[in-house]
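All remarks here apply to the structure that follows.
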Amino acid sequence: MNRTTWLAAAAIPLALLLSLGTGPGEIGLAEALATIGRRLAGDELDLRGAIVWDLRLPRALLAGLVGAALAAAGALCQGLFRNPMADPGVLGVSSGAALFAVVGLLLGFDRAGLWAIPVVAAIGAAAAMGLLLAAAGRQASLAVLLLAGVALGALCSALITVCQALASHQWDFGLKVIYWLMGSFEGRSWPHLSWAVPPCGLGLALALWLRRDLDALHLGSDAAASLGVDLARLRLLVVVAVGLLVGAATALTGVLAFVGLVAPHVARMSSGPGHRRLVPLAALVGASATILVDAVARSASGVVIPPGVITSLVGAPFFLWLLRRRGLRGLAG
Numbered sequence: 001m002n003r004t005t006w007l008a009a010a011a012i013p014l015a016l017l018l019s020l021g022t023g024p025g026e027i028g029l030a031e032a033l034a035t036i037g038r039r040l041a042g043d044e045l046d047l048r049g050a051i052v053w054d055l056r057l058p059r060a061l062l063a064g065l066v067g068a069a070l071a072a073a074g075a076l077c078q079g080l081f082r083n084p085m086a087d088p089g090v091l092g093v094s095s096g097a098a099l100f101a102v103v104g105l106l107l108g109f110d111r112a113g114l115w116a117i118p119v120v121a122a123i124g125a126a127a128a129m130g131l132l133l134a135a136a137g138r139q140a141s142l143a144v145l146l147l148a149g150v151a152l153g154a155l156c157s158a159l160i161t162v163c164q165a166l167a168s169h170q171w172d173f174g175l176k177v178i179y180w181l182m183g184s185f186e187g188r189s190w191p192h193l194s195w196a197v198p199p200c201g202l203g204l205a206l207a208l209w210l211r212r213d214l215d216a217l218h219l220g221s222d223a224a225a226s227l228g229v230d231l232a233r234l235r236l237l238v239v240v241a242v243g244l245l246v247g248a249a250t251a252l253t254g255v256l257a258f259v260g261l262v263a264p265h266v267a268r269m270s271s272g273p274g275h276r277r278l279v280p281l282a283a284l285v286g287a288s289a290t291i292l293v294d295a296v297a298r299s300a301s302g303v304v305i306p307p308g309v310i311t312s313l314v315g316a317p318f319f320l321w322l323l324r325r326r327g328l329r330g331l332a333g
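Position 177 of the sequence shown, counted from 1, bears residue number 177 in full-length UniProt numbering, the numbering being contiguous throughout.
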């Protein structure tokens, strides 16, 4: 790893420390670290210790894993479409995962176990990605991608509203869906983290494995094919990887918009366009940024601010700035 990647990796434990010392209960960092030390030594924990071990620590780790997953998925989308404006949220992939997750909740799949909704959401993300590929075509311009993503996102949002209307008699279901769609790590603990690790880990491994082929694709489809890249296989594997990453992240934490757009751009400023360095650096940036966002969300005294709201407040202006910047050169993509 180069110096920038090492710095990005070092930012993650610093963000974790900040997160552990933030939140209700007036438990500072020193007490939180002492609690973790006692728990690792096998000591029993009191109520304050349980807050740190069972709530803050797994929540922070899950935030980092979800941030890395969404950032890597964003880098994959940008590489596959050869367009830096591509993002799972902007392209409607997150909406597809959210739709399938809401349908799963409506049908009671969550009673089958924590694994059920992530599996359903991953299928939804992969289906949305496949539909986008089919609708936009292989040589999609920026304008076509944005229009296809807006249409797909609007369709999924409308269907989610239909699901809420069908379950209007279930007051708790409606509130759960609304809060979940805003994106939150509230109530997440070790079981949620344990179920997030396999799909996110597999998706991240696929993302790292596909870096060489994505670099070849950056030269153009014909050049990539001449270098031995199987384009159909590459598209399929990217769809699978994005489905795993976005599906698991969305199912467990709701919709965290723009993480997959902002993190790869921040990483690209240091690493350049090459995916060999871009993908891991984007994942590291996404992990530390999401941990910090969750810490900020919990630092507001007496106010519950879903992390998804904060990512939208930061990401939406960033997206508009990027759109304006590219608009100066036209929307040819």
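Beta carbons: idealized from backbone N, C-alpha and C, even for Gly.
Using a 10 Å radius around the Cβ and a threshold of 16 neighbouring Cβ atoms, would you call residue i buried or exposed?
i	result
Val246	buried
Asn83	buried
Ala165	exposed
Leu20	buried
Arg59	buried
Gly330	Model confidence at Gly330 stands at a pLDDT of 43, short of 50, so the residue's coordinates are unreliable; what they give is reported in the following sentence. Exposed, because fewer than 16 other Cβ atoms sit within 10 Å of the Cβ of Gly330.
Asp46	exposed
Leu328	Residue confidence for Leu328 is low, a pLDDT of 48 falling below 50, so the modelled location carries little weight; the figure read from the coordinates is stated next. That one is exposed.
Ser226	exposed
Leu219	exposed
Val150	exposed
Ala148	buried
Arg325	exposed
Val177	buried
Ala267	buried
Ser168	exposed
Straight-line CA distance for residue i to residue j?
i	j	result
Phe81	Leu175	36 Å
Trp115	Trp195	6 Å
Val293	Ile310	7 Å
Val239	Ala126	5 Å
Ser288	Ala224	33 Å
Leu7	Ala158	42 Å
Val144	Leu91	10 Å
Ala332	Leu146	A caution first: Ala332 carries a pLDDT of 45, below 50, which makes its placement in the model unreliable, though a value can still be read off. Their backbone Cα atoms lie some 12 Å apart in a straight line.
Arg233	Asp87	21 Å
Leu206	Leu237	8 Å
Leu99	Leu181	10 Å
Val120	Val279	26 Å
His275	Ala263	14 Å
Arg277	Ala135	30 Å
If you follow the alpha helix (DSSP H) that residue i is part of, which residue opens it and which one closes it?
i	result
Val255	Where Val255 is concerned, there is no enclosing alpha helix (DSSP H), given that its DSSP letter is neither H nor E.
Ile12	Arg3 to Leu20
Ile291	His275 to Ser299
residue 334	The chain is shown only over 1 to 333; residue 334 falls outside these bounds and no answer can be derived.
Phe185	First-last for Phe185: undefined, no H or E at that position.
Glu31	Leu29 to Leu40
Find the nearest neighbour of residue i within the set the options, judged by alpha-carbon distance.
i	options	result
Thr5	Thr22, Gly308 and Gly286	Gly286
Arg39	Leu57, Pro24, Leu18 and Leu284	Leu57
Tyr179	Pro307, Ser270, Val259 and Ser95	Pro307
Gly203	Leu131, Phe185 and Cys77	Cys77
Leu18	Ala86, Ser299 and Ile160	Ser299
Val103	Ala122, Leu193, Asp87 and Pro317	Ala122
Leu231	Thr35, Arg3, Ala251 and Leu214	Leu214
Item to check | Ordered list of beta strand (DSSP E) runs contained in the segment 100-131, each at least 3 residues | outcome: none
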